[in-house]
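Contents: one structure, followed by commentary.
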Amino acid sequence: MEESPNFRNIKETYKIEATIGKGSFATVKKAKHRATGERFAVKVLSKKKMSEEDKIAMHTEIEILKQVDHPNIVKLIDVFEDERHLCLVMELMQGGELFDQ
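Per our numbering, residue 9 is the first one in the sequence shown, and the count goes up by one each step.
In structure tokens form, the structure reads like this:
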């Protein structure tokens with residue numbers, strides 16, 4: 009089956025590395041931009057595990073994050089989507105979990 013022209017393969021732009029977090033329907037991985045070497049976090053969401061309500065909420069969150077520019081809020085860099093996954097490329101935050109501080 010051919011991909012929609014709107015679908016982009018994240019692996020063409022980023023080298024996906026180690027898992028740094030995991031939740032009920034998402035995994036967060038480190039990624040390295042192939043052209044610049046810059047490191048990011050990629051939140052990989054499984055559409056199969058998401059309800060329609062979850063999908064709507066996630067797309068709303070994406071639209072909000074695209075508009076927000078604040079030093080205390082993680083920046084959304086890019087979004088990749090295919091039939092099975094939604095991948096949010098975000099700035100990589102160092103220093104561990106906020107809850108552990």
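Where a beta carbon is used, it is the ideal one built from N, C-alpha and C, also for glycine.
The model shown is predicted, which means the values in this text are computed figures rather than measured ones.
- Scanning its chain for C-beta atoms nearer than 8 Å, with the 5 sequence neighbours on each side dropped, one finds around E99 the residues F48, A49, V82, K83, I85, in chain order.
- Rounded to the nearest angstrom, the Cβ distance from I18 to K37 is 10 Å, too far for a contact under 8 Å.
- In the displayed model, H78 falls within coil according to three-state DSSP, outside both helix and strand.
- For the 9 Å CB-CB criterion, K55 and L96 do not form a contact.
- For T35, the enclosing beta strand (DSSP E) covers residues 34-41.
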